[in-house]
Amino acid sequence: MEIPLRKGRPFTEADTPVSQRVVIVSEKLAHERWPGQDAIGKRLKMGGGESKEPWLSVVGIAGNVLSQGPASGFHAEVYVPYTQYPWIPWIESPEHVVVRLASNPTTIASAIRGEVAWMDKDQPVSEVMTLDEIAEEPVAQQRMLMVLLVAFAGLALVLAAVGVYGVMSFSVAQRTHEIGLRMALGAEKGDLVGMIIAKGIRLAVTGTAIGLAGAIGFMRLLSSQLFGVKPTDPATFVSVALLLTCMSLRACYIPARRATKVDPMVALRHE
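Quick note: the sequence shown uses the numbering used here, first residue 99, plus one each step.
Next up, the structure:
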């Protein structure tokens, strides 16, 4: 399962029913139960000090695991060898067996069911899942929410581009007379295109700044749905700002280019 062993040793063949009962604990449990101490060699008992369960000797410390999904945080966990505990007396829940395979796990499910049925025909085998499927279950709702947000964000991006194009087209149409006058006085087409685009960029930068400020405030509300990334991730905001700027440039260039193709005499007569 690729859970790292931070300290100590893993379980071995020497951990038998007649040997010292051993346990591997998670980092969180080690820090909570023995703060500032080395947990290796310490003892603990399942069910508390009054329990009739035997004392377990800590032989290893494993890395923390988000066993209930990224939003749940780390929990104190213990691992015991199956050779010493073929059944877990203090846990009343169905057993789960993890099988590590070199081949495609989806092709081996029927073989596993056959082996279990051969050993105990009354033992049902249900919920055969890959580790990836198990890991995806806790984040399925968040993933769907993110897909919807990305879809709406894409739609908003398209609407923003259409809006910039519409505003610039209207602005250029209102300045047709001015553009014709400038062309009649010798203004270069490149200068006119630059003038129109500059105005569009000013509008785009202002809108982007306002949008980024609103996005930062909104993302703080979604911080609980984000894993492995900060709500104010600089790379994300810079990428979005650059994308919006590029789209605005494209949206401004089309009406600006079209305006410079108007005959100056026609533009001067335009009301």
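Note that beta-carbon positions come from the ideal geometry of N, C-alpha and C, so glycine has one too.
With DSSP run on the structure shown, which of helix, strand or coil describes residue i?
i             : result
serine 155    : strand
tyrosine 351  : helix
tyrosine 263  : helix
lysine 105    : strand
alanine 137   : coil
valine 176    : strand
methionine 99 : coil
glycine 171   : coil
serine 269    : helix
glutamine 221 : coil
serine 346    : helix
valine 66     : The chain is shown from 99 up to 369; residue 66 falls before or after that span and cannot be answered.
Assuming residue i and residue j make a contact with CB atoms under 8 Å, what is their CB distance in whole Å?
i              : j           : result
methionine 266 : glycine 298 : 5 Å
valine 157     : glycine 106 : 5 Å
alanine 137    : valine 120  : Their Cβ separation, rounded to whole angstroms, is 13 Å, which puts alanine 137 and valine 120 out of contact at 8 Å.
Between which two residues does the beta strand (DSSP E) harbouring residue i extend?
i          : result
valine 123 : 120-124
Using a Cβ-Cβ cut-off of 7 Å (strictly less than) and excluding sequence neighbours within five positions of residue i, which residues of its own chain qualify?
i              : result
arginine 104   : Glu125, Ile159, Ala160 and Gly161
alanine 302    : Val262, Leu342, Thr343 and Ser346
isoleucine 314 : Thr330
Hey, quick one: how far does the alpha helix (DSSP H) through residue i stretch, first residue to last?
i              : result
valine 145     : The sequence shown places glycine at residue 145, rather than the valine named in the question. Premise fails: glycine 145 is in no alpha helix (DSSP H) and is neither H nor E.
valine 163     : Unbroken run through valine 163: none, as it is neither H nor E.
tryptophan 216 : 207-217
threonine 274  : 274-282
leucine 199    : It is not in any alpha helix (DSSP H) - leucine 199 carries neither H nor E in the DSSP assignment.
alanine 233    : 229-234
Leaving aside the five residues before and after residue i along the sequence, list all residues of the same chain whose C-beta is less than 8 Å from its C-beta, in chain order.
i             : result
threonine 114 : Thr181 and Gln182
Excluding the 5 residues preceding and the 5 following residue i in the sequence, name in chain order all residues of the same chain whose CB lies nearer than 6 Å to its CB.
i                 : result
aspartate 141     : Checking the sequence, you will find arginine at residue 141 rather than aspartate. Contacts found: Trp153 and Ser155.
phenylalanine 109 : Pro179
Cβ of residue i within 7 Å of any heavy atom in the ligand MN?
i           : result
alanine 233 : As for the ligand MN, it is missing from this structure, which has no ligand bound.
**Request:** Mind the definition here: the segment 270-280 touches the segment 238-249 only if three or more C-beta pairs lie below 8 Å; say whether that holds.
**Result:** no
**Message:** Three or more C-beta pairs under 8 Å: does that hold for the segment 345-357 against the segment 287-306?
**Reply:** yes
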